[in-house]
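Read through the structure below, which is laid out as structure tokens, and then see the notes.
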Amino acid sequence: MNIKEFIAKRVAQELKDGNVVNLGIGLPTMVASFVTDDKDITFQSENGMLGLGPAPKEGEEDFDLTNAGGMPITMSTDGVCFDSATSFGIIRGGHVDITVLGSLQVDEKGNISNWIIPGKMVPGMGGAMDLVVGAKKVIVAMTHTAKGKMKILKKCTLPFTAVNQVNMIVTELGVMEITPEGILLTEIAPDTTVEQVQEVTEAKLIISDNLKTMNV
Amino acid sequence: MNIKEFIAKRVAQELKDGNVVNLGIGLPTMVASFVTDDKDITFQSENGMLGLGPAPKEGEEDFDLTNAGGMPITMSTDGVCFDSATSFGIIRGGHVDITVLGSLQVDEKGNISNWIIPGKMVPGMGGAMDLVVGAKKVIVAMTHTAKGKMKILKKCTLPFTAVNQVNMIVTELGVMEITPEGILLTEIAPDTTVEQVQEVTEAKLIISDNLKTMNV
Amino acid sequence: MKKIIDKSEFISKLKNGMSIMVGGFMVVGTPENLIEEIVKSDIKDLTIICNDAGLPNKGVGKLISAGKVKKLIASHIGLNPEAGKRMSEGTMEVELVPQGTLVEQIRSGGAGLGGFLTPTGLGTIVQEGKEIIEVEGEKFLLEKPLKADIALLLGHKVDEKGNTIYSKTTRNFNPMMATACEIVIVEAREVVSIGDLNPDNIVTPHIFVDYIVKGDK
Amino acid sequence: MKKIIDKSEFISKLKNGMSIMVGGFMVVGTPENLIEEIVKSDIKDLTIICNDAGLPNKGVGKLISAGKVKKLIASHIGLNPEAGKRMSEGTMEVELVPQGTLVEQIRSGGAGLGGFLTPTGLGTIVQEGKEIIEVEGEKFLLEKPLKADIALLLGHKVDEKGNTIYSKTTRNFNPMMATACEIVIVEAREVVSIGDLNPDNIVTPHIFVDYIVKGDK
Numbered sequence: 001m002n003i004k005e006f007i008a009k010r011v012a013q014e015l016k017d018g019n020v021v022n023l024g025i026g027l028p029t030m031v032a033s034f035v036t037d038d039k040d041i042t043f044q045s046e047n048g049m050l051g052l053g054p055a056p057k058e059g060e061e062d063f064d065l066t067n068a069g070g071m072p073i074t075m076s077t078d079g080v081c082f083d084s085a086t087s088f089g090i091i092r093g094g095h096v097d098i099t100v101l102g103s104l105q106v107d108e109k110g111n112i113s114n115w116i117i118p119g120k121m122v123p124g125m126g127g128a129m130d131l132v133v134g135a136k137k138v139i140v141a142m143t144h145t146a147k148g149k150m151k152i153l154k155k156c157t158l159p160f161t162a163v164n165q166v167n168m169i170v171t172e173l174g175v176m177e178i179t180p181e182g183i184l185l186t187e188i189a190p191d192t193t194v195e196q197v198q199e200v201t202e203a204k205l206i207i208s209d210n211l212k213t214m215n216v
Numbered sequence: 217m218n219i220k221e222f223i224a225k226r227v228a229q230e231l232k233d234g235n236v237v238n239l240g241i242g243l244p245t246m247v248a249s250f251v252t253d254d255k256d257i258t259f260q261s262e263n264g265m266l267g268l269g270p271a272p273k274e275g276e277e278d279f280d281l282t283n284a285g286g287m288p289i290t291m292s293t294d295g296v297c298f299d300s301a302t303s304f305g306i307i308r309g310g311h312v313d314i315t316v317l318g319s320l321q322v323d324e325k326g327n328i329s330n331w332i333i334p335g336k337m338v339p340g341m342g343g344a345m346d347l348v349v350g351a352k353k354v355i356v357a358m359t360h361t362a363k364g365k366m367k368i369l370k371k372c373t374l375p376f377t378a379v380n381q382v383n384m385i386v387t388e389l390g391v392m393e394i395t396p397e398g399i400l401l402t403e404i405a406p407d408t409t410v411e412q413v414q415e416v417t418e419a420k421l422i423i424s425d426n427l428k429t430m431n432v
Numbered sequence: 433m434k435k436i437i438d439k440s441e442f443i444s445k446l447k448n449g450m451s452i453m454v455g456g457f458m459v460v461g462t463p464e465n466l467i468e469e470i471v472k473s474d475i476k477d478l479t480i481i482c483n484d485a486g487l488p489n490k491g492v493g494k495l496i497s498a499g500k501v502k503k504l505i506a507s508h509i510g511l512n513p514e515a516g517k518r519m520s521e522g523t524m525e526v527e528l529v530p531q532g533t534l535v536e537q538i539r540s541g542g543a544g545l546g547g548f549l550t551p552t553g554l555g556t557i558v559q560e561g562k563e564i565i566e567v568e569g570e571k572f573l574l575e576k577p578l579k580a581d582i583a584l585l586l587g588h589k590v591d592e593k594g595n596t597i598y599s600k601t602t603r604n605f606n607p608m609m610a611t612a613c614e615i616v617i618v619e620a621r622e623v624v625s626i627g628d629l630n631p632d633n634i635v636t637p638h639i640f641v642d643y644i645v646k647g648d649k
Numbered sequence: 650m651k652k653i654i655d656k657s658e659f660i661s662k663l664k665n666g667m668s669i670m671v672g673g674f675m676v677v678g679t680p681e682n683l684i685e686e687i688v689k690s691d692i693k694d695l696t697i698i699c700n701d702a703g704l705p706n707k708g709v710g711k712l713i714s715a716g717k718v719k720k721l722i723a724s725h726i727g728l729n730p731e732a733g734k735r736m737s738e739g740t741m742e743v744e745l746v747p748q749g750t751l752v753e754q755i756r757s758g759g760a761g762l763g764g765f766l767t768p769t770g771l772g773t774i775v776q777e778g779k780e781i782i783e784v785e786g787e788k789f790l791l792e793k794p795l796k797a798d799i800a801l802l803l804g805h806k807v808d809e810k811g812n813t814i815y816s817k818t819t820r821n822f823n824p825m826m827a828t829a830c831e832i833v834i835v836e837a838r839e840v841v842s843i844g845d846l847n848p849d850n851i852v853t854p855h856i857f858v859d860y861i862v863k864g865d866k
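Chains as they are written, first to last, in our numbering: chain A, 1 to 216; chain B, 217 to 432; chain C, 433 to 649; chain D, 650 to 866.
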């Protein structure tokens, strides 16, 4: 299991039976493959469908049925297709229980910056701003740092995707919850110390009295 | 042909090939039966359908397919059903060319009052406010007076359905257009004088230089 | 999760004083079996949101005639003289809303919008107490979103998961109401197996439907 | 009215400088045949409204690569480096809009609304220059409607009158765009007879469709 798989597998534990979940492109997409069979999870794709099935076999792709990255997918038997206005009605209307997405930066106020590096990379926000504002729970799934740079900050330096919306951060080093008091470290990776996590986290971590080891 | 049929038949002449038309309950509903076969008219019903067909035969009614009065109808082969939000998107969005409706009062500014007589009759506005505001052309089809009371006024005395929206009035006595200068009488019923029309019209009529006799 | 419940379990979801959106347009598309259960129950003081007041002995009109409606939000009550009578007497409060505004308020409620700007009602008594906002020289009324505790809908075919399609003009307000309520209950004319409905034709996705009550075909 | 036109007649509907909405999401649901005709034509200086920038050699990306796009309004351009390059160079103006806001702006344009209130973008640079309106203690951005001269859509089955259904996730922005443009042109994978489509399943009613161009199946 590589780092990304480790993170995705831990995020999968957050998904509860009956949840409607939207997974972002990249690492978050991997979460689906770690959901255990005892849970009935409905995956929403913002381009207009509910009910993601297993990845299609090579040669059997249906190019009319894709995810928000434009990649062919399959649909579960209870699947539904709809237009983008309906899709974002679902998203903004609070009908998605959990959205999982990657990020460039997150800060202790739950602010998130993941759509633009001015002057360098301007992919656009796509559906991220709506997802982060609309979903009941926002989980950021990302590597703890990027090329040695810290990503969990006191205050995001990049333009915000949304303000005060992140609920949880899952990295290869730990699980963190955004609380009114700041970032609460609730779980820590095996063979890792709190000091090691703090060292690569700009925001001051609050350590849970009940700190557990990530069980992935 | 009774008075109502006379009015409905004259209104039918206003419908142009290709038009999308919404007909109100009562007299306006009768307009459909006077549309000549050389015109392809699509009738919209605000409860959620396009493509009204001929009236259903007795015993063959489909109670899942009704007009805005709740009466069974039939659908043309090109018919479409949709929800009420889509229906009023069509209406408010200017996709209905002509709406024909009855009224209690109309005035020389194109104001219309047809949904409430305070303290007496409060049916509600239904879809009328949206239709009158949204349709490209608003035709009021009604008897010129009601129980001896004038209905075409200098200023409506009943609460407005909408302000400055009426384009044309068709009654058993004539055809009138609402212009910035006032109400222009463009056609007059056979065997009727301008004086006779003015006598039962509170608003001062402007008489068209080109006044024609209604050819119904 | 088992969504299919019987009529007695249905009634257990309701409480006095709740706000209930009821699908249907002049009783077409109204879940009559659910209405009938409420009439037979002790539930009262309801706020009903529906396109209209139904007929005296059909649709939400039955709830009105049974004295169970404290407040009605609708676009039209003209076909139900009983509703007009109770409104004049003051035994039922009635809020009249233009039809296009009413359905859009419900859609806004379900879609997480804070409201919308409409030209409908400008210069009329509908405008009273509402903010007027000018956009590019045109005036609009700001209308707010509408939500409720419960939605009662009539589905034509409903799969066991809750995916719903509607028949012809019975669709009307039903799909919007499905999005705007805490608990959504569909009376199903027919319950079909998961997979029986074409994903392109489903109008209300299963995630909106909490309970299914089998009605008459 | 005869709605079915050929590709050369299609091009005659376009003019330099027009605003064009193009259906599709990461090129899925984009009318490639119509795009190809524009690439081959002299048409230029277009404002393109699309969910994204397509791919360099597919979808609206082809128009961008051909230098025909003066301005792009989209939610995402990340999969098309050519779009990013032209944006940085200043040879193409890009306006980035949150996806849910973009589609709702188009819906508002088509539905005669003056705009809507959304929580999306609050506190971000999307908020710049926009009115903030408070409704029951919550803040929202006022977003305005969006319309265009032409809509280019991809229909899966289109009847001769213009009634259109879409296939799976090719639907995306297509139905909203159909309502918000002066001239609506559908590339039909398959043209069927009037009456072949079930009225309950039609997504875009014929009254929105001005022209049909036969595409590839």
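Using N, Cα and C, we set each Cβ at its ideal position, and we do this for glycine too. Values in this document were obtained by computation on a predicted structure and should not be read as measured data.
Item, Value
"Interface residues of chain D around T258 (chain B) at Cβ under 8 Å?", "H855 and I856"
"Give, in chain order, every residue of the stretch 717 to 745 of chain D whose Cβ lies closer than 9 Å to some Cβ of chain A.", "A723, S724, H725, I726, G727, L728, G733, M736, S737, V743 and L745"
"In whole angstroms, give me the CA-to-CA distance for T36 (chain A) and N215 (chain A).", "15 Å"
"For the stretch 256 to 266 of chain B and the stretch 485 to 494 of chain C, state whether three or more C-beta atom pairs, one from each stretch, are separated by less than 8 Å.", "no"
"Cutting at 6 Å between CB atoms, please list the residues of its own chain near D88 (chain A), excluding the five before and the five after it.", "It is Phe, not Asp, that sits at residue 88 (chain A) in the sequence shown. D130, listed in sequence order."
"Report yes or no: is there a C-beta of chain D within less than 9 Å of the C-beta of A146 (chain A)?", "no"
"Please check the pair C372 (chain B) and D849 (chain D), which I expect to be a contact at CB under 8 Å, by giving their CB distance rounded to whole angstroms.", "About 41 Å separates the two Cβ atoms, so there is no contact after all."
"List, in chain order, every chain D residue whose beta-carbon is nearer than 9 Å to that of M345 (chain B).", "Within 9 Å Cβ-Cβ: nothing; M345 (chain B) doesn't reach chain D, min ~12 Å."
"Measure the Cβ-Cβ separation of E536 (chain C) and A829 (chain D) and say whether it is below 9 Å.", "no"
"When the Cα of F640 (chain C) is compared with those of C:D648, C:G627 and C:I582, which residue comes out closest?", "C:I582"
"Consider the Cβ of M341 (chain B): report whether some Cβ of chain D lies at a distance smaller than 9 Å.", "no"
"For L766 (chain D), would you say it is in contact with chain C, using Cβ-to-Cβ distances shorter than 9 Å as the test?", "yes"
"Using the DSSP secondary-structure output, state which residues sit across from F222 (chain B) in a beta bridge.", "DSSP lists no partner for F222 (chain B)."
"For E753 (chain D), return the contacting residues in chain A, with the cut-off set at a CB-CB distance below 8 Å.", "A85 and F88"
"With D865 (chain D) and N682 (chain D) assumed to form a contact (beta carbons below 8 Å), what rounded beta-carbon distance in angstroms separates them?", "7 Å"
"Since I believe D294 (chain B) is in contact with K810 (chain D) (beta carbons under 8 Å), could you give me their beta-carbon distance rounded to a whole number of angstroms?", "4 Å"
"Is I452 (chain C) close to chain B? Criterion is C-beta to C-beta, closer than 9 Å.", "no"
"How is the beta strand (DSSP E) around L211 (chain A) delimited, first residue to last?", "L205 to T213"
"Across the stretch 185 to 197 of chain A and the stretch 168 to 177 of chain A, are there enough close Cβ pairs to call them in contact, namely three or more that are closer than 8 Å?", "yes"
"Strictly below 9 Å CB to CB, what residues from chain D border E570 (chain C)?", "G763"
"Any beta-carbon of chain C closer than 9 Å to the one on T77 (chain A)?", "yes"
"Is it the case that the stretch 435 to 451 of chain C contacts the stretch 404 to 414 of chain B, given that we only count it when at least three CB pairs across the two stretches are under 8 Å?", "no"
"Are there 16 or more other CB atoms within 10 angstroms of the CB of T29 (chain A), so buried, or fewer, so exposed?", "buried"
"Taking CB distances under 9 Å as the criterion, tell me whether M142 (chain A) reaches chain D.", "no"
"What is the rounded straight-line gap between the Cα of V454 (chain C) and the Cα of K472 (chain C)?", "17 Å"
"Is any beta-carbon of chain D found at less than 9 Å from that of R433 (chain B)?", "Only positions 217 to 432 of chain B appear in the structure, and residue 433 (chain B) is not among them; the question remains open."
"Sorted by chain position, which residues of the same chain lie with C-beta nearer than 7 Å to H95 (chain A)'s C-beta, five sequence neighbours on each side aside?", "V20"
"Which residues of chain C have a Cβ atom closer than 7 Å to the Cβ of C81 (chain A), listed in chain order?", "P631 and D632"
"What residue range is occupied by the uninterrupted beta strand (DSSP E) comprising L185 (chain A)?", "G182 to I188"
"So what does DSSP say about Q105 (chain A), is it helix, strand or coil?", "strand"
"Is the beta carbon of N483 (chain C) closer than 9 Å to that of A394 (chain C)?", "Since the displayed chain C opens at 433 and closes at 649, residue 394 (chain C) lies outside it and no answer follows."
"Contact defined as beta carbons within less than 8 Å: I believe P375 (chain B) pairs with I509 (chain C). What is the distance between those atoms, to the nearest angstrom?", "Contact doesn't hold; Cβ gap of about 16 Å is too wide."
"Between the beta-carbon of N821 (chain D) and the beta-carbon of V677 (chain D), is there less than 9 Å?", "yes"
"Distance check for F6 (chain A) and G108 (chain A), CA to CA, integer angstroms please.", "Per the sequence presented here, residue 108 (chain A) reads as Glu, with Gly not at that position. Approximately 23 Å, taken between the alpha carbons."
"Taking all protein chains shown into account, do 16 or more other C-beta atoms lie within 10 angstroms of the C-beta of M341 (chain B), making it buried, or fewer, making it exposed?", "buried"
"Out of B:T409, B:T395 and B:K428, which has the shortest C-alpha to C-alpha gap to I422 (chain B)?", "B:T395"
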